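In numbering that gives the first Met the number 0, the protein residues as written are 0 to 579.
Okay, so here's the structure we're looking at.
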Amino acid sequence: MSQEERNRPVKQVFITLHYQGKRVYRFFVTRKEMSFVLLVTLISASMQISFSLSTWGTIHADEIFQSLEIAHDMVYGYGTIPPEFWDSNPVIPSYAKARSYIFPFIFSIPMYIGKLFGWNYWRITLPLIRIFLGINGALLTPASYVFVKRYTKGNKTFAGVSALFITISPILMFSAFRSVTNIFLLPWILFIISSFLKTRGQLQKENENRNQNEPKNRKSVRLYLKVIVLSFLMGLIIYIRIDFIISIVAILLIKFPYKKIKIITCNFIGLSLAAVFGGLIDFITYGDFLISPIQWFRYNIIEGLSSIHGVSPPYYYFQLLLSSLPLILFVVLCSSVVVGTLVYTIRQYFKFKDVNWDLLRNVCGFPLASVIIISIFSFPSHKEIRFIYLALIFLHICFAISLSLLFQIYSPKLSSFTTKILAKKTKTKNTVKISRILDYSFLSLCCILLVSGVVISSYEGSKIYKWRANDALARSLVYVGQLEDCNGVVMFTKGTQFESYFYLHKEVPLDEYIDMRDEIRMRDQIRQYSEDNTTFNFIIFNLEQISLTPNIVADLTDYNYILNHTIRNEAFIYKFNQTI
0 MSQEERNRPV KQVFITLHYQ GKRVYRFFVT RKEMSFVLLV TLISASMQIS FSLSTWGTIH
60 ADEIFQSLEI AHDMVYGYGT IPPEFWDSNP VIPSYAKARS YIFPFIFSIP MYIGKLFGWN
120 YWRITLPLIR IFLGINGALL TPASYVFVKR YTKGNKTFAG VSALFITISP ILMFSAFRSV
180 TNIFLLPWIL FIISSFLKTR GQLQKENENR NQNEPKNRKS VRLYLKVIVL SFLMGLIIYI
240 RIDFIISIVA ILLIKFPYKK IKIITCNFIG LSLAAVFGGL IDFITYGDFL ISPIQWFRYN
300 IIEGLSSIHG VSPPYYYFQL LLSSLPLILF VVLCSSVVVG TLVYTIRQYF KFKDVNWDLL
360 RNVCGFPLAS VIIISIFSFP SHKEIRFIYL ALIFLHICFA ISLSLLFQIY SPKLSSFTTK
420 ILAKKTKTKN TVKISRILDY SFLSLCCILL VSGVVISSYE GSKIYKWRAN DALARSLVYV
480 GQLEDCNGVV MFTKGTQFES YFYLHKEVPL DEYIDMRDEI RMRDQIRQYS EDNTTFNFII
540 FNLEQISLTP NIVADLTDYN YILNHTIRNE AFIYKFNQTI
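Below you can see the structure in the form of structure tokens.
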């Protein structure tokens, strides 16, 4: 066989790959919108999955105890049940049966699959759950793109810049993969609202194209059924967390079809079906119909007991948002665009009797929704940033629209106006050069503002979420859970509940002491556990506990507990030594 004949298969493969590569290139070039969304989504997914796999530390105890821990109990038969899921609470009756089992059921699905196929829990099931959380967090990017596109009636520029802003925002990217209701369900809320706005537009076109005496066609019936299904899904989300009503109403305030009786009827039917379905789940799990939303409302609204979990001043959210200079500049930027749009609209109305309602809704809708959400959630004394997470998303969309309008509309007009003034002052006719300098200056200013905003908000975001200590504790539980000689675990933690079988995955006694500051009491507890060393032979604590009780290491050594393992020198695992 000649050398040419031997090289022919390799050449054919190269030609085939080159041809397929050109086809893929043409496919993406001819579909620029889809290519952009796919690219930004892949960037978001890579970041979210990476964060989720490497960051097991919680930013709030509910991240475990209202979702993953309950799911673990549902599948494996043991777990730490928080008071919201108790059948009764003699101290605070309204604090029991206050959460629906619908949400933890979502997380039980991968656990059921892992149990069915006999997967290793720590090596396969647990990482898959973390990947699942990362993928869900990444869905916030395409969800925001589709949502803004539908809300602005097809403006791809607004949608693209909004998706990009949300993807690169440090505060959003570091919390999007969390398993709390306030965050996990947000991509689905945006998808549902987007689909609702699209369906409403399709129904409007159908009604315009159909004569008054002509009967409804099958397409119209399908669209109304779709509205019912969307309302049902949204109703389930509201059933899981009632205060989502505030955010949903705030964003649909200027978009809801108030005069469309048929659509409102479909919404009512879908929401009613969701209430019945959620009520049946409550009846199966608690023995009471519709009990969880009623108990939540009693506890948080009627009795106002949420203040037990912490109290913050009324201006807490606004102070948090205005804690860095670039964010203040962005707020000033958006405010200027909103005011400019209002002035422009009023001028157009008085001069031409014409109002660009779409522009007004696009510019004012998102900041209005953000202000409504933040203002309402500022009334309760208990405040957490996750409560206004959707308002943060709307603010990012507002920034994106403002920046887009500056480049599309206001910047050329401002540049033209400034060029004319400078040309008169300098008595020059070379206005093109002046205009180009102004455009470049404006672009540079916006880029500097954007980069500085990302850098400083990254720093602010790293300060808001103190997760590293909890990450070390989670990995400590995973390590101990895989040891065959683990009979029981004691944890000393600071500031948050971490009595989690979701990470331990071993049906052994698990005790936790939160904010233990009394060294005499701690020494006495360690002594008691050493006497019962056949039950509790492992003790876990982190660096924060050493700052509270500096003598903890000496106490453990005195009662025959020796260092077994460390997690990044941030968490320490001590084991009782039977031989001493």
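The beta-carbon is built from N, C-alpha and C at its ideal position, and this holds for glycine as well.
Treat the numbers as computed from the prediction; the structure is a model and nothing was measured.
Asked, Found
"Mind the definition here: the segment 113 to 122 touches the segment 150 to 162 only if three or more C-beta pairs lie below 8 Å; say whether that holds.", "no"
"Helix, strand or coil for V275, going by three-state DSSP, please let me know.", "helix"
"What is the DSSP secondary structure of V310, reduced to helix, strand or coil?", "coil"
"P292: buried (16+ other C-beta within 10 angstroms of its C-beta) or exposed?", "buried"
"Would you kindly work out how many angstroms separate the C-alpha atoms of I566 and I538, rounded to a whole number?", "13 Å"
"If we count the other Cβ atoms within 10 Å of its Cβ and call it buried at 16 or more, is Y316 buried or exposed?", "buried"
"Quick check: the Cα distance between S174 and D470, rounded to an integer number of angstroms?", "14 Å"
"Going by beta carbon distance, what residues of the same chain come within less than 7 Å of F575, once the five residues before and after it are set aside?", "S529, N532, N536, N559 and Y560"
"What do you get for G309, buried or exposed, if any count of 16 or more other CB atoms within 10 angstroms of its CB means buried?", "exposed"
"Inspect the CB distances between the segment 220 to 236 and the segment 265 to 280 and report whether three or more fall short of 8 Å.", "yes"
"What is the DSSP secondary structure of D242, reduced to helix, strand or coil?", "coil"
"For the beta strand (DSSP E) containing H564, name the first residue and the last one.", "Y560 to I566"
"Residue range of the beta strand (DSSP E) that K505 falls in?", "Here K505 belongs to no beta strand (DSSP E), and DSSP marks it neither H nor E."
"Taking all protein chains shown into account, do 16 or more other C-beta atoms lie within 10 angstroms of the C-beta of G50, making it buried, or fewer, making it exposed?", "Note that residue 50 is Phe in the sequence shown here, rather than Gly. It counts as buried."
"Let's test the definition: count the other Cβ atoms within 10 Å of the Cβ of D517 and tell me whether it reaches 16, buried, or not, exposed.", "exposed"
"Please name the residue in I42, C397 and L127 whose C-alpha comes closest to that of A368.", "C397"
"Measure the beta-carbon distance from H395 to S306 and round it to whole angstroms, keeping in mind my assumption that it falls under 8 Å.", "At roughly 30 Å, the Cβ-Cβ gap does not stay under 8 Å, so H395 and S306 are not in contact."
"Nearest by alpha-carbon distance to L289: which of P141, L279 and I165 is it?", "L279"
"Hey, how far is the Cα of L202 from the Cα of P256?", "11 Å"
"Buried or exposed: which applies to M46, given that a residue is buried once 16 or more other Cβ atoms fall within 10 Å of its Cβ?", "buried"
"Which of helix, strand or coil does DSSP assign to K155?", "helix"
"For the beta strand (DSSP E) holding T492, just list the boundary residues, first then last.", "V488 to T492"
"Can you give me the start and stop residues for the beta strand (DSSP E) that K254 sits inside?", "Neither: K254 is in no beta strand (DSSP E) and is coded neither H nor E."
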